[in-house]
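The sequence shown begins at 1 in the UniProt record's numbering and counts up one residue at a time. We put the beta carbon where it would ideally sit given N, CA and C, even for glycine. Below: the structure, in structure tokens.
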Amino acid sequence: MSVLKLIRPRVLAAIKIASPAAGEIATVADCAYTNSWISAKSNAPLPFGDIQVRGLLQAAKRLKLDPHQFAAAVIEHLDLGDIGTAKVDGPGFVNIRLNDSYLENRLQEVFWKGDERYGVEEVKQRVIIDYSSPNLAKEMHVGHLRSTIIGDALHRIHRFVGSEVIAQNHVGDWGTQFGMLIAHVNDAETHVDLDQLQGLEQLYVQAKVRFDAEPEFKERARDNVVKLQAGDPEMKEQWLKIVDVSLRHAQKIYDTLDTLLTRNDVCGESFYNDDLPKVVEDLTACGLLVVDGGAKVVFTPEFAKDFGKNKPVFMVQKSGDGFGYAATDLGAIRYRVRTLKGDRLLYVIDNRQSLHLRQLFDVASRAGFLPPSVSAAHVGFGTMMGRDKKPFKTRDGGTIKLAELIAEAQERAYVLAKKKDATRTKGDPFTEAELKDIGNKVGVGAIKYADLSKHRDKDYMFDFDLMLQFEGNTAPYLMYAYTRARSVARGAAATAADVAASTTVESLTATISTATLAPSTSLSPSSTPTPQAVKLAHHAEHNLAVTLLQFPDELNTVLDTSLTHHLCTYLYRLAQAYTQFYSVCPVLRAPDQETRDSRLALCDATAQMLKTGLGLLGISVLEVM
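See below:
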């Protein structure tokens, strides 16, 4: 259980005793996590304490109570046991300082006694996450980046807390574009290699020009779609080739980005084709579907303001009997509830689809496809902007290919790693293969973190120079903080080997190599301490311990809101707390063995937490960099 979750009910109980009326206000306020009265401290340290009860001042003002006396009354009835002590601060805040002995014991339980989730409580749900979902027959571009990496992070986070996660890569693999592409390929005088996506995309552009300009070609393209939907063998064979080469290209991108998505997660629009007539039948049976201008629609009057002068309709079937993507999405939501048995549905789709998704959830609920027991949420996001504060594009206004963007980030990171390596004064230089590995991981990590650390609802500026800096709230800074924490353990192992008179270079190298373990692996007592060795004496040690134990609350916020920047901010605060600790608390040169072991334990816990947190964001760490 998290520290805040342990303290909240005790504080609320004390408030209710001090003032029943204030207790009612506090209970209501604390139900909304983002508007909580009781929270951990932020980046700026409190004058006293680690946790602050913020809402007492508001309640006192509302009830015409003396705020300072009211806060004192709350403290009088507050039973914290061995957790900490409380104090009135300022005009009427209650600040709680956690006892060092409590922190020491809690650290041992969380980091060295088999707690795989570091204090986060298990959540048993089946979570369905719709993310990435590119249109096929085209190369993936920067517009697909945010959905892919936000969805991947949420996938990892929900899986981490014990939920069963089912990814749904709802690719655009159906519709008119395939009919016109097949028609154009069949018309081509020269051989067309359907195994090359780049050439296929050029053909798509050509086919679109013809589709808009040639009525006869448009008619043939539509006929192809009808044949494809009817299962024509020749059409299906060509369609499958296009889909296959597109998915192979997408999988290369997913693998380069180190996402969890595989071919098995693909469940595209075509999957629901045979179910669409049943969707129409069910909507008709429950009285929702009406004919309007020859089309079959569901009216959604509650969204009338969003439509302006147009009718607020949800287009299910077009007048020409073709199904709209609303029908496909209704089929998908029904499948995810009834067949996949999802408890929670997350749609990681950009904000421009907000109205469509609000209509989807509304119609699905009214039709009985989305029962009250299942939650559905739009995890929306803003646009990637260039330095000119316009949507991120090439200099000539074209769309930036995602593969090219990733490659440039990796190359820039490689160049930076090579420059840093040339100025190193300790250790052997990295090999070319090692530099490439550093460049690849730092480059991808920088792209991901630059996105995930921003509030997803907002647009953000994409800037290679900023995201690759080794200072500030960036992936390289956090990755380096992890490496530095791990290097302390290696230094301790080397010292232990030296004390043991390991006189040969080979034995010392072997000892240091052995020390390069996963952060959760314990070293010998002389290098990484036993849990009983943790003792907090310095304020920087106390602050680091408190920050380490805030992880469950921060992750719970992400689980509730799907806002990954809360986890990023936490990891940055942790790295800052570790930097402060390391700068004022000698570790390997500590004054005595007990202090040395305790500080090594804090280094180990920090490394564990950084590796875990970055891993939840889909970012790999490096033992050396």
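In its own chain, which residues sit with a C-beta less than 7 Å from the C-beta of residue i, not counting the 5 before and 5 after it?
i: C585; result: H538, A540, E541 and R599
i: K454; result: Y460 and H565
i: I400; result: H141, V142, F392, K393 and T394
i: V266; result: N169, V171 and L247
i: F299; result: V290, P312 and V313
i: A533; result: E594, D597, S598 and A601
i: E104; result: V534, K535 and L536
i: G331; result: Y272, D275, L276 and V279
i: A446; result: A409, A413, M467, L468, T474, A475 and P476
i: N43; result: Annotation note: pLDDT 43 at N43 (below 50); position unreliable, coordinate value reported separately. For N43, where only same-chain residues beyond five positions count, the Cβ hits under 7 Å are R573.
i: H144; result: S132, P134 and L402
i: D100; result: L536 and H542
i: E554; result: H566, L567 and Y570
Quick one: what's residue i bridged to in DSSP?
i: S375; result: R344
i: E237; result: Answer is none; E237 lacks a bridge partner.
i: D292; result: A295
i: G172; result: N135
i: G84; result: L98
i: K401; result: H141
i: V127; result: V165 and R344
i: Q202; result: None, per the DSSP bridge assignment.
i: Y460; result: M384
i: M315; result: V297
i: F323; result: Q317
i: P391; result: M385
i: D89; result: F93
Of all the options the options, which has the alpha carbon lying nearest to the alpha carbon of residue i?
i: G613; options: V88, C286 and Y118; result: Y118
i: I25; options: A59, T383, D465 and T474; result: A59
i: E404; options: R573, V316 and L257; result: L257
i: G615; options: L466, T561, V444 and N543; result: V444
i: V379; options: M235, D130, E281 and D321; result: D130
i: L260; options: V165, R456, F551 and G294; result: V165
i: R159; options: I128, F369, D187 and T148; result: I128
i: A250; options: K124, R263 and N556; result: R263
i: I349; options: G81, T561, L63 and R146; result: R146
i: R106; options: A295, V123 and I83; result: I83
i: Y102; options: G81, D437 and R424; result: G81
i: N556; options: V120, G114, D152 and K419; result: V120
i: I253; options: M609, M1 and A407; result: A407
Could you give the C-beta distance for residue i and residue j, rounded to a whole number, given that I count them as a contact under 8 Å?
i: L345; j: S375; result: 7 Å
i: M625; j: Y477; result: M625 to Y477, Cβ: 11 Å. No contact.
i: L57; j: F93; result: 7 Å
i: E269; j: R486; result: No, E269 and R486 are not in contact; Cβ-Cβ is about 46 Å, not under 8 Å.
i: D329; j: V243; result: No, D329 and V243 are not in contact; Cβ-Cβ is about 20 Å, not under 8 Å.
i: A18; j: A73; result: 4 Å
i: L203; j: H184; result: 6 Å
i: A605; j: Y482; result: The Cβ separation is near 12 Å, so there is no contact.
i: Q316; j: L283; result: Checking the sequence shown, residue 316 turns out to be Val, not Gln. About 6 Å; that satisfies the 8 Å criterion.
i: E302; j: E201; result: At roughly 40 Å, the Cβ-Cβ gap does not stay under 8 Å, so E302 and E201 are not in contact.
i: V209; j: L559; result: V209 to L559, Cβ: 47 Å. No contact.
For residue i, which residues of its own chain have a beta-carbon under 8 Å away from its beta-carbon, when the five flanking residues on both sides are left out?
i: L288; result: V298, V363, R366 and A367
i: G386; result: F392, K393, M461 and F462
i: A32; result: In this prediction, A32 has a pLDDT of 36, which is less than 50 and means its spatial position is unreliable; nothing more can be read from the coordinates.
i: R156; result: L260, G615, L616, L617 and G618
i: S354; result: H378 and G380
i: residue 696; result: Nothing about residue 696 can be read from this structure; the chain reaches only from 1 to 625.
i: T85; result: I96, R97 and N99
i: Q229; result: N273
i: L6; result: I83
i: L435; result: Y414, A417, K418 and D421
i: V505; result: Legend: pLDDT at V505 = 37, less than 50; position of this residue unreliable, value from coordinates given subsequently. Nothing listed; no residue qualifies.
Tell me which same chain residues have a C-beta within less than 6 Å of the C-beta of residue i, skipping the five on either side of it?
i: L571; result: L478 and G613
i: G439; result: Q410, A413, Y414 and A417
i: V442; result: A413 and P476
i: T383; result: P391 and D459
i: P67; result: L57, A60, P91 and G92
i: V3; result: L549
i: A14; result: V74, H77 and L78
i: V488; result: V587 and C603
i: T34; result: Low local confidence applies: a pLDDT of 34 at T34 is under 50, so the model's placement there is unreliable, and no value is given.
Of all the alpha helix (DSSP H) runs that stay within the bounds of the segment 204-274, which reach a length of 4 or more residues? 215-230 and 233-256
Ranges of the beta strand (DSSP E) found wholly within the segment 564-617, counting only runs of at least 3: none
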